[in-house]
Amino acid sequence: MTWFRRGTDGNSASASAAAAQAADSAADSPATLRAELFRVVRFVNQNSGRLPPAAVVDARRVTDTLREIIDTSEVRPLDVYAIVSLRGALEDYLPTTLRSYLAVEPNLIDTARISGLTPRQSLLEQLASLQTAASAVLLAAQNQDVDALMTQGNFLRTKFSGSDLDL
Numbered sequence: 006m007t008w009f010r011r012g013t014d015g016n017s018a019s020a021s022a023a024a025a026q027a028a029d030s031a032a033d034s035p036a037t038l039r040a041e042l043f044r045v046v047r048f049v050n051q052n053s054g055r056l057p058p059a060a061v062v063d064a065r066r067v068t069d070t071l072r073e074i075i076d077t078s079e080v081r082p083l084d085v086y087a088i089v090s091l092r093g094a095l096e097d098y099l100p101t102t103l104r105s106y107l108a109v110e111p112n113l114i115d116t117a118r119i120s121g122l123t124p125r126q127s128l129l130e131q132l133a134s135l136q137t138a139a140s141a142v143l144l145a146a147q148n149q150d151v152d153a154l155m156t157q158g159n160f161l162r163t164k165f166s167g168s169d170l171d172l
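The opening position of the sequence shown corresponds to residue 6 in this note's numbering, with each subsequent residue numbered one higher.
What follows is the structure, given as structure tokens:
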């Protein structure tokens, strides 16, 4: 019943799914994440004269934490939650926060808004939230490494010590 396929072979759907999965894997690779991190660091550095000094320091602290998360991939592959968090922070949250601040007219930067915060204070608050989130992801990745080490230790102990079945 090839007439249901309208001239396509049965492998084209699986081939396109495989291609999409390969593209996702490439986008999630540590090398791609590092390249995106470099782009964000460059953006922060290029705009350091227009950002408050404390915001530059805070933004770079966030990028340093994100780099540490990516570096954990040298020990074990990043889990899906770390990848989603990294991509969100690098592709959206941090750049959007900085661009939104940079779009504010300079004469309004220190003018309190309805929230009671100035745009400068709001920027610093948002960067602190990003740092808290990045630190939580880093801690989770490090705990995963510790858990893996403990599991390996238990395995080796069982494998190379006397069996519980020995009398």
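We treat Cβ as the ideally placed atom computed from N, Cα and C, and that holds for glycine.
Cβ-Cβ separation, L91 to I74 (assumed contact under 8 Å), whole Å: 6 Å
Note down, one range per segment and in chain order, each alpha helix (DSSP H) of at least 4 residues found wholly within the stretch 49–95. 58–76, 85–93
Member of N112, S78, R125, Q149 whose CA lies at the smallest distance from the CA of L35: First, the residue type needs correcting, since residue 35 is Pro and not Leu in the sequence shown. Selected option, being the one with the closest Cα: S78.
For R55, which residues of its own chain have a beta-carbon under 8 Å away from its beta-carbon, when the five flanking residues on both sides are left out? L107
To the nearest angstrom, report how far apart R65 and P100 are at their CA atoms. 12 Å
Thinking just about the alpha-carbon of each residue, which of L122, A31, T137 is nearest to the one in T68? T137
Whole angstroms are fine: how far does the CA of A31 sit from the CA of A133? 30 Å
Can you tell me whether Q126 is helix, strand or coil according to DSSP? helix
So, helix, strand or coil for E41, using DSSP? helix
Would you kindly work out how many angstroms separate the C-alpha atoms of V85 and N112, rounded to a whole number? 42 Å
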